[in-house]
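In our numbering, the protein residues as written are 14 to 245. We treat Cβ as the ideally placed atom computed from N, Cα and C, and that holds for glycine. Quantities reported herein were computed from a predicted structural model and do not represent experimental measurements. This report refers to the structure that appears directly beneath it.
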């Protein structure tokens with residue numbers, strides 16, 4: 014009886030020291046020792062989120078308490094910025110992304126990760142548990158009901174914003190709402206949108222655009238570096 018009680022107590026305490034590992038994660042924006050395109054494992058443990066390369070080297074670790082926002086987005090097919098020379102069978106399907114924004118020693122940063130379809134939901138749940146934050150999700154496109162009666166007139170076709178920057182990996186805000194990192198591809202209703210592109214160490218880029226029904230509009234932000242003298 015005593016052994017069972019001790020075992021139950023050990024199991025109850027296990028999650029506090031547990032470390033969860035998720036394979037098939039790709040870095041989309043470089044951070045720490047990790048570079049864009051690096052693949053490896055994402056680790057969740059009490060107090061931090063870490064990324065380990067395929068060779069077992071820890072490339073970065075983000076203190077959980079420094080995380081300020083978790084943002085999930087998904088894209089059907091080719092994402093803006095993907096080389097057109099890639100094989101066709103690699104361009105289809107749904108792609109999943111998690112952006113972790115954080116602030117350490119007064120400096121703000123963000124890292125975007127490409128997740129695998131087999132484990133992205135578990136990664137999102139663990140990110141919430143470790144940081145205490147709620148994952149913000151990109152607004153899904155409205156579903157079309159097959160049973161809906163025919164409308165007297167078809168609604169305007171959605172437009173598409175393709176937001177890129179030089180350098181890439183900058184934070185994107187659309188109408189004051191965070192929308193991931195560049196390059197960013199987002200389906201929107203026809204109308205006016207205020208785009209803000211910002212990256213630590215660079216001047217902020219802002220532009221107001223008008224998207225027509227069915228239009229694909231590219232917004233390219235050329236970010237100018239802030240001199241060290243101005244930053245000081």
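Practice prompt. Check residue 144 in the structure and name its three-state DSSP category.
Written response: helix
*Classification of residue 60 by the beta-carbon crowding that lies within 10 angstroms, buried from 16 upward*: exposed
Quiz item: DSSP three-state call for residue 5: helix, strand or coil?
Solution: Outside the shown range of the chain, which is 14 to 245, sits residue 5, and nothing can be said about it.
Worksheet entry | For residue 129, the residue or residues it bridges with in DSSP | Paired residues: none, contrary to the question.
TODO: Over the uninterrupted beta strand (DSSP E) stretch that includes residue 82, give me the two end residues.
DONE: Counting along the chain, the unbroken beta strand (DSSP E) around residue 82 starts and ends at 80 to 89.
Review point. Which residue comes first and which comes last in the beta strand (DSSP E) that contains residue 305?
Key: No information on residue 305 is available, as it lies outside the stretch 14 to 245 that the chain covers here.
- Query: Do residue 174 and residue 38 come within 7 Å of each other at the CB atom, strictly closer than that value?
  - Reply: no
**OP:** Apply the 10 Å Cβ neighbour rule to residue 131 and answer buried if 16 or more other Cβ atoms are within range, or exposed otherwise.
**Re:** exposed
Count the other CB atoms within 10 Å of the CB of residue 40; is the residue buried (16 or more) or exposed (fewer)?
buried
Problem set entry | Start and end residues, beta strand (DSSP E) containing residue 197 | 197 to 201
- Query: Leaving out five residues before and five after residue 228 in sequence, what residues of the same chain have Cβ atoms less than 6 Å from its Cβ?
  - Reply: Setting aside the 5 residues that flank it on each side, residue 228 is surrounded in the same chain by 172, each with a C-beta closer than 6 Å to its C-beta; the list follows chain order.
Practice task
Kindly indicate the opening and closing residues of the beta strand (DSSP E) around residue 246.
Solution key: Residue 246 falls outside the range modelled here, since the chain spans only 14 to 245, and no answer is possible.
For residue 21, which residues in the same chain have their Cβ closer than 8 Å to its Cβ, ignoring the five residues on either side in sequence? Any reading at residue 21 needs caution, since the residue's pLDDT is 42, under 50, leaving its predicted position unreliable; the model's value is listed next. Around residue 21: no qualifying Cβ.
* Count the other CB atoms, across all protein chains shown, that sit within 10 Å of the CB of residue 212; report buried if there are 16 or more and exposed otherwise. => Buried, because 16 or more other Cβ atoms sit within 10 Å of the Cβ of residue 212.
Report task. Following the continuous beta strand (DSSP E) through residue 185, name the residue where it begins and the one where it ends. Result -> 184 to 187
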